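Beneath this line is the structure, given in structure tokens, with notes to follow.
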């Protein structure tokens, strides 16, 4: 590979691949699983009705907002691992920032997710089903970010063997669950912009 001089228009790419060739790759990627992408996008659009007529207030700043934007994009494009990870990041940041913004008890500097859930439930934001589902989401995220031996029941390959389902299908189901749960959290009354 030859590196371009700083005078060249594409010096920052360090590549001899022409723009048109890259566009071909992007178009092929867009075309792959087009029906699935449309189905997932339609699902997100339908879920969007739950967020209130004027949208939603996303507590948690840029991290929570970008996690939400990227989770939607990842879901539509079938990037299921990213969807699960981003939905967990969104919910954790959203809920903790909501608590912090309530000016009640100050949160610890590095609050544990279980503590966030406990406090949200104590304030009436979350019910038992919400807690169970959020813990399920965390249990789906953990083996994606931390090594799990094949004997661990949460290991993706182990789950695939145990259920007889391809790992990709399991990841897809996990992502559908994660994005649905994220929308359910964003649709809660403190976050909905109804007026």
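Residue numbers (our numbering): 45 to 239.
Beta carbons: idealized from backbone N, C-alpha and C, even for Gly.
In this text the structure is predicted, and so the values were computed from the model without any measurement.
Can you name the residues that DSSP bridges to residue i?
i           : result
residue 100 : 236
Smallest Cα separation from residue i: which of the options?
i           : options            : result
residue 124 : 234, 198, 185      : 185
residue 242 : 129, 231, 141, 71  : With the chain covering only 45 through 239, there is no way to say anything about residue 242.
residue 145 : 238, 67, 101       : 101
residue 183 : 215, 164, 208, 205 : 215
residue 85  : 95, 64, 117        : 117
residue 232 : 92, 73, 66, 119    : 92
residue 108 : 87, 120, 140       : 140
residue 213 : 150, 114, 159, 80  : 80
Would you call residue i buried or exposed, if buried means 16 or more other Cβ atoms sit within 10 Å of its Cβ?
i           : result
residue 194 : exposed
residue 132 : buried
residue 191 : exposed
residue 154 : exposed
residue 166 : exposed
residue 229 : buried
residue 45  : In this predicted model, residue 45 has a pLDDT of only 46, less than 50, meaning its place in the structure is not dependable; the value taken from the coordinates is given anyway. Exposed is the call here.
residue 47  : Note that residue 47 has pLDDT 49, beneath the 50 cutoff, so the model's placement of it is unreliable and the number below is only indicative. That one is exposed.
residue 82  : exposed
residue 68  : exposed
residue 136 : buried
residue 217 : exposed
residue 104 : buried
residue 163 : buried
residue 127 : buried
residue 223 : buried
residue 174 : buried
residue 72  : exposed
residue 181 : buried
How many whole angstroms separate the CB atoms of residue i and residue j, which I take to be in contact at a CB cut-off of 8 angstroms?
i           : j           : result
residue 134 : residue 226 : 5 angstroms
residue 199 : residue 210 : In fact, because the Cβ distance is near 15 angstroms, the residues do not count as touching under 8 angstroms.
residue 143 : residue 161 : No, residue 143 and residue 161 are not in contact; Cβ-Cβ is about 10 angstroms, not under 8 angstroms.
residue 236 : residue 138 : About 13 angstroms separates the two Cβ atoms, so there is no contact after all.
residue 122 : residue 77  : 6 angstroms
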